[in-house]
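One structure below.
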Amino acid sequence: MKLTLAKILVVIFILGILFFPAYSKTQKLTLRDKVLSQKVEELKLENKGLLQENELLTNDPIYIEEVAREKLKVARENEVVFRIVNQGE
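For the sequence shown, position 29 (counting from the first letter as 1) is numbered 36 according to my numbering, and the numbering increases by one without interruption.
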């Protein structure tokens, strides 16, 4: 009985040594797959937003004017722009 139990324990130990690295690598790859899948979803959302912005910049004159005013600091002809500056800046 003891000999059979010892053989079983040895076999289990050997199998553990053989399969633990593969199991560990599988777990790491599974985690990496989850992280990369999440990154792909984030990039898909970012891409969708950029496509929408591109569409607006291509076809919407009101949006183009808004972007030009805010980001490029462009004003219309004969328009006076007041800039308020805080003293701490």
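Just so it is clear, CB atoms sit at the ideal spot from N, CA and C, and this is done for glycine as well.
query	result
Beta-carbon spacing of Leu-79, Ile-71 below 8 Å	no
From Val-92, Arg-76, Thr-11 and Asn-93, residue whose alpha carbon lies closest to that of Glu-86	Arg-76
Continuous alpha helix (DSSP H) stretch holding Lys-78: start and end	68 to 78
Reduced DSSP secondary structure (H/G/I, E/B, other) of Ala-82	coil
Val-88 beta carbon less than 8 Å from that of Ala-82	yes
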